[in-house]
Amino acid sequence: MYGLIIQRYPRRLAKMQIQGNQATQKPSSGPDAPLTQERSAVPKSRMDTFALLYERNQTRLWIRAMTVTNALHANDSSNGSSASPAPKRLLLVSVPRTASNLLLKILNIAKQPHLLTNPRNGYFFYPAFSAAAQDGTLAKEPGNWSTEEKQRYKANLQRCLNELEDYSTRAQNENKVMFAKEHAFWIFNPAAQHKMTTGEEYPEFFEEMRVDIADSYGPTRSYSKSNETCLSDQYLRSWQMAFIIRHPALAWPSMYRAMKKLAAQGFIDEDGVKGSSLSNMSFRWTRLLYDWCLEQPDVPTPPPVVDAHDLIHSPEIVLQFCDHTGLDKECLQFEWCGNDYKKSQSWAAPDEVANAAELDMHLRAASIMLSTLEASKGIVKDKAPEKIDIAAEAAKWKVEFGEQIAGLVEKAVWDSMPDYEYLKARRLTV
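Read in this note's numbering, the sequence shown has 372 at position 372, and its numbers run on one by one without any break.
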């Protein structure tokens with residue numbers, strides 16, 4: 001395919017070649033098969049080769065050499081095995097400021113030929129969360145929600161789910177993989193979020209916030225102890241999940257900065273900045289979903305976890321992500337034009353908002369959240385320092401945010417470290 005000569009990273013390449021050979025020995029069908037698209041005849045034994053020379057020349061990142069050849073396994077009838085359909089829906093679970101949009105940029109998600117998603121890079125539950133954040137509902141204790149507020153929030157969740165299901169039906173009809181990307185707390189029950197911060201439980205409210213699931217997912221609706229989302233176990237099992245994480249000392253202050261910019265644009269008020277930021281500065285929801293996946297009998301291997309540090313400093317990790325998810329490696333990109341079409345321009349469709357002013361607000365919010373990526377022409381390494389000293393970073397936050405906010409951010413960082421380290425220990429590695 002690509003006739004480039006590998007000149008650098010011989011040890012890394014050798015390791016990846018060994019892993020590639022091992023991967024070809026795994027079953028290409030049945031319960032151990034990864035989510036993948038059916039393809040026409042492909043040679044069944046072909047060595048994966050990859051070389052990425054990734055250097056910084058003053059302020060410019062450039063790619064010198066890359067080869068991507070993949071042993072795409074096809075379930076050939078000649079091997080005598082029977083195919084077992086894999087999930088054709090992929091859910092990337094993220095948290096704000098974890099470089100999830102960078103991952104999608106490298107994956108070239110909109111150009112993946114056998115994948116379908118929406119214009120918001122796979123966010124479907126964003127409208128429900130943003131509406132509740134704007135009107136202050138999420139800042140209230142569940143016991144203080146009015147009947148109207150509960151009905152409105154659940155109705156918004158249901159609309160988001162219905163849109164997702166419409167896209168899924170379309171993907172199925174087009175024989176494509178359905179892709180979604182959600183921040184974990186968007187799909188978790190507000191009662192669970194309140195319980196995490198206060199210890200108070202609202203069992204009736206918990207049940208009220210569970211959305212209606214179509215009968216096609218089975219006659220029963222169960223919610224295991226580790227499932228504190230608004231979605232049933234049966235529904236969640238219909239998705240293959242993947243996760244992305246980032247060191248809290250980098251993610252959480254970045255999140256607070258973004259929330260401050262949103263407040264300046266009138267998207268949320270100052271109380272919302274503090275409340276929304278601090279309640280979302282957690283990997284607890286990510287870990288709960290990860291552990292839920294491990295409990296499922298029909299999940300043959302742990303779901304893939306990508307750390308933003310690896311994504312930035314060892315971007316070839318994306319090849320392993322593709323191996324786990326069945327995404328097309330030939331679509332990958334590590335450089336892009338900084339002046340191309342900006343994803344934030346299509347973040348909200350006109351028919352999704354009440355008026356032009358609201359549409360403009362959503363577009364400005366998206367522009368803030370995507371500003372670093374949209375201004376880049378490749379991977380920006382200084383966004384992920386090699387070493388992180390939390391105490392040293394906290395001293396900087398005091399100057400930037402003031403004593404009170406800096407203290408809250410630092411506490412959130414330390415509180416998040418056990419869940420982050422747990423997930424980091426299970427991440428994909430080169």
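All C-beta atoms, glycine included, are put in the ideal place defined by N, C-alpha and C.
- When DSSP states are grouped into helix, strand and coil, Glu386 belongs to the coil group.
- Between Pro303 and Met241 the beta-carbon gap is near 5 Å, inside 8 Å, which marks them as a contact.
- When DSSP states are grouped into helix, strand and coil, Glu182 belongs to the strand group.
- Note that the C-beta distance between Phe401 and Val409 is below 8 Å.
- Ranked by how close their Cα comes to the Cα of Tyr420, the residues Trp239, Ala249, Asn156, His194 have Ala249 in first place.
- One alpha carbon belongs to Leu90, the other to Asp298, and they sit about 15 Å apart.
- Residue range 89 to 94 is occupied by the beta strand (DSSP E) that includes Val93.
- Around the Cβ of Asn175, a 10 Å sphere holds fewer than 16 other Cβ atoms; the residue is exposed.
- Residues of the same chain with a CB within less than 8 Å of the CB of Trp397, apart from the 5 flanking positions on each side, are Pro253, Ile405, Ala406, Val409, Glu410 in chain order.
- If you ignore the 5 residues before and after Thr197, its C-beta comes within less than 8 Å of the C-beta of Ser279, all in its own chain and listed in chain order.
- Using a Cβ-Cβ distance cut-off of 8 Å, the stretch 135 to 147 and the stretch 104 to 113 are not in contact, since fewer than three pairs of beta carbons, one from each stretch, lie closer than that value.
- Taking each of Val380, Glu200, Cys337, Asp307 in turn and checking the Cα distance to Ala425, the smallest one comes out for Asp307.
- Runs of the beta strand (DSSP E) spanning 3 or more residues and lying entirely within the stretch 273 to 308 occur at 305 to 307, in chain order.
- Assigned with DSSP and collapsed to three states, Thr429 falls in coil, not helix or strand.
- Between the alpha carbons of Ile390 and Met417 lies a gap of roughly 11 Å.
- For Phe243, there is no enclosing alpha helix (DSSP H); the enclosing beta strand (DSSP E) covers residues 240 to 245.
- Annotation: the stretch 183 to 255 contains the following complete segments of the beta strand (DSSP E) (minimum length 3 residues), in chain order: 240 to 245.
- Assignment of beta-bridge partners to Val318 by DSSP yields no partner.
- Per DSSP, the continuous alpha helix (DSSP H) segment holding Asp166 begins and ends at 147 to 173.
- Pairing Val95 with Ala184 gives a Cβ-Cβ distance under 8 Å.
- CA-CA distance, Tyr223 to Met178, rounds to 24 Å.
- Contact annotation: Asn156 and Ala192 have beta-carbon atoms that are not nearer than 8 Å.
- Cβ contact annotation for Asn227 (same chain, cutoff 6 Å, sequence separation greater than five): Asp233, Trp292, in chain order.
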